[in-house]
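Protein chains in written order, with my numbering: chain A, 18 to 157; chain B, 18 to 157.
C-beta: ideal position from N, C-alpha, C; glycine also.
2 protein chains.
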Amino acid sequence: MDFIARSIWQINKNGLVYMARRLKEFNIGSGQLPLLMLLYNNKDGLNQEEISQLLSIDKGATAKAVFKLLDEGYIERKDDPIDNRMHRIYLTKKANKKKDKLLKIAKEWQEILLNEFQKNDKTHMLESLKKMKDNSMDYK
Amino acid sequence: MDFIARSIWQINKNGLVYMARRLKEFNIGSGQLPLLMLLYNNKDGLNQEEISQLLSIDKGATAKAVFKLLDEGYIERKDDPIDNRMHRIYLTKKANKKKDKLLKIAKEWQEILLNEFQKNDKTHMLESLKKMKDNSMDYK
Numbered sequence: 018m019d020f021i022a023r024s025i026w027q028i029n030k031n032g033l034v035y036m037a038r039r040l041k042e043f044n045i046g047s048g049q050l051p052l053l054m055l056l057y058n059n060k061d062g063l064n065q066e067e068i069s070q071l072l073s074i075d076k077g078a079t080a081k082a083v084f085k086l087l088d089e090g091y092i093e094r095k096d097d098p099i100d101n102r103m104h105r106i107y108l109t110k111k112a113n114k115k116k117d118k119l120l121k122i123a124k125e126w127q128e129i130l131l132n133e134f135q136k137n138d139k140t141h142m143l144e145s146l147k148k149m150k151d152n153s154m155d156y157k
Numbered sequence: 018m019d020f021i022a023r024s025i026w027q028i029n030k031n032g033l034v035y036m037a038r039r040l041k042e043f044n045i046g047s048g049q050l051p052l053l054m055l056l057y058n059n060k061d062g063l064n065q066e067e068i069s070q071l072l073s074i075d076k077g078a079t080a081k082a083v084f085k086l087l088d089e090g091y092i093e094r095k096d097d098p099i100d101n102r103m104h105r106i107y108l109t110k111k112a113n114k115k116k117d118k119l120l121k122i123a124k125e126w127q128e129i130l131l132n133e134f135q136k137n138d139k140t141h142m143l144e145s146l147k148k149m150k151d152n153s154m155d156y157k
């Protein structure tokens, strides 16, 4: 019997290797890419708690990604205009300048994975994976 | 844009959480399950190099899984009958006794992931994931 979990594990592992290699010149790792993608996707101005929720990662992992991206100058933290004990995260000019290149890397991996899939199959795969992800979320 | 890599990462992460919880009573972790599954799948008597290749994991990860399973009494190492510098890995009685329960856990996760998939869609998903895995293997 072939287990889905095994394929998923392998694809994930190979993806991390691919990303590590491609992101090296940007001085970031695969752990920071989802946060950047989230911010690029019109979510500038989130606080860390919102980021944790949207990325389904714990506070520690969020803090780590935020710290690395701050350190590399991709994001900046500003006080919340209403509650100044809270900080909000914004993309820097540097991040916006790299946006197209980073999106391209993410898309290229997608294209590698979907190589030789028919167009209908691609759409179906995206939907099915989302369903599988939703099914798995009770166990996070 | 929804990235496949993100769903894959999330499903994998949730799967590791699920497995860690379910495997606790067996004193093994998710890192050892693929090796056990391989041996259960009529592959008793492999050496570590063959295991590395079949599981697509490096020698270090194989050694770690072998060590843990030896330590917990699930496998034993015997000298190769021809080349006694080489060891081969065999399931113990304990492992065979636990086989059905462990297979059940792996199958249950599969069923959780494929919840509400039509039968045709299940087959299609297994094939598509295998194709995606193969596509990703140039980057391992």
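Hey, does residue 98 of chain B have any beta-carbon neighbour from chain A nearer than 9 Å? Cβ-Cβ to chain A under 9 Å: no for residue 98 of chain B.
Any residues in the region 25-43 of chain B with a beta carbon nearer than 9 Å to a beta carbon of chain A? Which ones, in chain order? Only 25, 26, 27, 28, 29, 30, 31, 32, 33, 34, 35, 36, 38 from the region 25-43 of chain B bring a Cβ to less than 9 Å from some Cβ of chain A.
Might you give, ordered along the chain, the residues of its own chain that have their beta carbon closer than 6 Å to the beta carbon of residue 43 of chain A, omitting 5 neighbours on each side? Same-chain partners within the cutoff: there are none.
Would you kindly work out how many angstroms separate the C-alpha atoms of residue 121 of chain A and residue 110 of chain B, rounded to a whole number? Whole-angstrom Cα-Cα distance: 52 Å.
Quick one: is residue 21 of chain A near chain B, going by C-beta distance under 9 Å? True, the Cβ-Cβ gap to chain B drops below 9 Å.
Quick one: which chain B residues come within Cβ less than 9 Å of residue 156 of chain A? Near residue 156 of chain A (Cβ distances below 9 Å), the residues of chain B are 31, 32, 34, 35, 38, 126, 129.
Contact check, residue 123 of chain A vs residue 50 of chain A under 8 Å by CB: the rounded distance? Between residue 50 of chain A and residue 123 of chain A the Cβ distance is about 7 Å, and since that is below 8 Å, they are a contact.
Reference residue 150 of chain A; option with closest CA among B:74, B:134, B:148, B:105: Nearest C-alpha to residue 150 of chain A: B:134.
Can you give me the C-alpha to C-alpha distance between residue 148 of chain B and residue 99 of chain B, rounded to a whole angstrom? Looking at the two C-alpha atoms, the distance is approximately 38 Å.
Check each residue of the region 132-150 of chain B: if its Cβ is closer than 9 Å to any Cβ of chain A, include it; give the result in chain order. Per Cβ criterion, the list reads 132, 133, 134, 138, 141, 142, 143, 145, 146, 147, 148, 149, 150.
Using a Cβ-Cβ cutoff of 9 Å, what residues of the region 52-83 of chain B are near chain A? List them in chain order. Within the region 52-83 of chain B, the qualifying residues are 54, 58, 72, 73, 74.
Say yes only if the C-beta of residue 68 of chain A is nearer than 8 Å to one or more non-hydrogen atoms of the ligand FAD, and no if none qualify. The ligand FAD is not part of the structure shown, which contains no ligands of any sort.
Strictly below 9 Å CB to CB, what residues from chain A border residue 113 of chain B? Contact note: residue 113 of chain B does not reach chain A at a C-beta cutoff of 9 Å; the least C-beta distance is about 17 Å.
When the Cβ atoms of the region 19-32 of chain B are set against those of the region 60-75 of chain B, are three or more pairs found closer than 8 Å? Note that the region 19-32 of chain B does not touch the region 60-75 of chain B; fewer than 3 beta-carbon pairs, one per stretch, sit closer than 8 Å.
Measure from the C-beta of residue 152 of chain A to each C-beta in chain B and report whether the shortest distance is under 9 Å. Residue 152 of chain A has a beta carbon lying within less than 9 Å of a beta carbon in chain B.
Which residues mark the beginning and the end of the alpha helix (DSSP H) in which residue 25 of chain B is found? Judged by DSSP secondary structure, residue 25 of chain B falls within the alpha helix (DSSP H) whose first and last residues are 21-40.
Considering only C-alpha positions, which residue in the set B:48, B:105, B:96 is nearest to residue 81 of chain B? Closest by alpha carbon: B:48.
Here's the rule: buried if 16 or more other CB atoms are within 10 angstroms of the residue's CB, otherwise exposed. What is residue 39 of chain B? Flag for residue 39 of chain B reads buried.
Start and end residues, alpha helix (DSSP H) containing residue 143 of chain B: It spans 136-153 - the alpha helix (DSSP H) in which residue 143 of chain B sits, taken as one unbroken run.
Short Cβ contact (9 Å threshold) for residue 129 of chain B with residue 73 of chain A: Going by C-beta atoms, residue 129 of chain B is not nearer than 9 Å to residue 73 of chain A.
I'd like to confirm the pairing. Which residues does DSSP put opposite residue 107 of chain A in its beta bridges? As a beta-bridge residue in DSSP terms, residue 107 of chain A pairs with A:93.
Is the CB-CB distance between residue 22 of chain A and residue 127 of chain B below 9 Å? Yes, the Cβ-Cβ distance between residue 22 of chain A and residue 127 of chain B is below 9 Å.
Go ahead and label residue 115 of chain A buried or exposed: buried means 16 or more other beta carbons lie within 10 angstroms of its beta carbon, across all protein chains shown. Its Cβ being crowded by 16 or more others within 10 Å, residue 115 of chain A is buried.
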